[in-house]
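*Asks:*
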Amino acid sequence: MIASSAYALFPFSTLSHPINRPNYSFFSVTYPSSRKPKHQTCFYVHAGPSDVDSSISSTSLTLPPDEPRRSTNKTLFLLDIAPLCYSGKRPSPSALIGWLKPLFLHVTFNNPIIAVIDGERGNEYRRQILPGYKSSRNAFVPLSTSLRRETWKGDDADLREARPFIKTFFKTCGIPVVSLEDAEADDVVASLMEQAVSKGFQVTIGSPDKDFKQLLCENVQLLMPLPERHRWSLYTDKLYIQQQGCSPEIELSLRCLLGDKADCVPGLADFAPGFGRKTALKLLRKYGSLEHLLREASSRTVGKPYIQNALTEYASVLWKNLQVLRLRRSTTSKDISARYSIAFMNWN
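Number 342 in our numbering belongs to position 240 of the sequence shown; there are no gaps in the numbering.
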């Protein structure tokens, strides 16, 4: 059943195609062409030696040695798996497949892909700071799909029950899955992003999670799924500036002020009715960051009385929000290097 699901995602199955090699899996995408009715482009996913578990092996999208290579900029794709695995409130691997098909339209021949999923105890660090963190998640509504080829089925079961299917599926596709037991996927993605950018890579993060907007910069962009349009949308730092009128550097501070209902993180509006996004943006455009804003509010007036009172009285709440919502870019990098001694930790 795993093979049939992989076949549904990749038009030519890695298990049956005559040119398949032990360490190559591949997929093809059909593009419209003005000169020809249609043509297909095949992408080969290099998963390292055939005797190495692809969940801990190096990965790069490339053509076999005897095939011509297309020049391309170095771009790493980091895929946040968990939010794509739900159909309403029910974990559904088929929903993941439905999202992956349009995602791979954005992948070129030699871009490496790494999939990341939460560790079993990934929330513990943040729950020590904020006990209610992610105690009641809003359902993510994924792209509807007719694909129902899956081995795992469950109604109210936790996504953890789907992990074996997910990891085996990606292994079949030749894509490594990185998971650290005591780290959230967001932190692992941020750590890998930091290392990749330092090696000269552009990074594209595939996820609907707004937390990743704090990572936006010239070298980092997001691919965010749009369920209502059945496609992925590219989100860049330039688009952020157009929408917000300021740099993505303020995104973390903005979310700390507004809170995050999906993750059960309180915002200032919970304590000061009338405080909203417009007010938060105005303050951050003037003071630059939450840290600077709170320091100024402790020594002088920074806004209307209700804003001033909220900032001083609930400063401790906002400092906690900062610890909870900030993605940890370095705390897991050594753990990743130690556990996954693979080529993508030494990009060149």
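C-beta: ideal position from N, C-alpha, C; glycine also.
1) Please classify Ser343: is it buried, with 16 or more other beta-carbons within 10 angstroms of its beta-carbon, or exposed?
2) Could you tell me if Ile216 is buried or exposed, where buried requires 16 or more neighbouring beta carbons within 10 angstroms of its beta carbon?
3) Is Gly302 buried or exposed, if buried means 16 or more other CB atoms sit within 10 Å of its CB?
4) Any contact of the region 419 to 434 with the region 401 to 410, i.e. 3+ C-beta pairs under 8 Å?
5) With C-beta atoms as the reference, is Ser196 less than 8 Å away from Tyr188?
6) Would Tyr389 count as contacting chain D if we go by Cβ distances under 8 Å?
7) Smallest Cα separation from Gln345: which of Lys380, Phe373 and Val322?
8) Cutting at 8 Å between CB atoms, please list the residues of its own chain near Asp288, excluding the five before and the five after it.
9) Determine the contact status of Leu180 and Ile268, defining contact as a CB-CB distance below 8 Å.
10) Alpha carbon to alpha carbon, how far is Asn423 from Gly376?
11) If contact is defined by three or more beta carbon pairs under 8 Å, each pair taking one atom from either stretch, is the region 323 to 330 in contact with the region 364 to 372?
12) So Arg397 packs on Cys348, CB below 8 Å; how close in whole Å?
13) Compare the Cα-Cα distances from Thr414 to each of Asn225, Leu395, Ala374 and Ser400 and report the closest residue.
14) Which word fits Gly200, buried or exposed, when buried means at least 16 other C-beta atoms lie within 10 angstroms of its C-beta?
15) Do Ala285 and Gly224 come within 8 Å of each other at the CB atom, strictly closer than that value?
16) Counting along the chain, where does the beta strand (DSSP E) carrying Val404 start and finish?
17) Alpha carbons only, please: which of Ala412, Thr177 and Pro214 is nearest the one belonging to Pro278?
18) With a Cβ-Cβ cutoff of 8 Å, do Leu354 and Ala382 count as a contact?
19) Where does Ile215 sit, in a helix, a strand or coil, going by DSSP?
20) With DSSP as the reference, identify every bridge partner of Val279, one or two as the case may be.
21) Is it buried or exposed, Arg123, if we count other Cβ atoms within 10 angstroms and call 16 or more buried?
22) So, are the CB atoms of Leu198 and Leu186 less than 8 Å apart?
23) What separation, rounded to the nearest whole angstrom, lies between the Cα atoms of Leu317 and Thr274?
24) What is the rounded straight-line gap between the Cα of Ser281 and the Cα of Leu385?
*Replies:* With the structure as the only source:
1) The question names Ser, but residue 343 in the sequence shown is Ile. Flag for Ile343 reads exposed.
2) buried
3) exposed
4) no
5) no
6) Looking at the structure shown, chain D is missing, and only one protein chain is on hand.
7) Lys380
8) Asp182, Asp311, Asp313, Phe314 and Leu429
9) One thing to note: Leu180 has its Cβ no nearer than 8 Å to the Cβ of Ile268.
10) Their backbone Cα atoms lie some 20 Å apart in a straight line.
11) no
12) Not confirmed; about 19 Å, so no contact.
13) Ser400
14) buried
15) yes
16) Neither: Val404 is in no beta strand (DSSP E) and is coded neither H nor E.
17) Nearest option by C-alpha distance: Pro214.
18) no
19) strand
20) Ala217
21) Note that Arg123 has pLDDT 29, beneath the 50 cutoff, so the model's placement of it is unreliable and the number below is only indicative. Label assigned to Arg123: exposed.
22) Annotated as proximal: Leu198 and Leu186, with beta-carbon spacing under 8 Å.
23) 30 Å
24) If you take the alpha carbons of Ser281 and Leu385, they lie about 38 Å apart.
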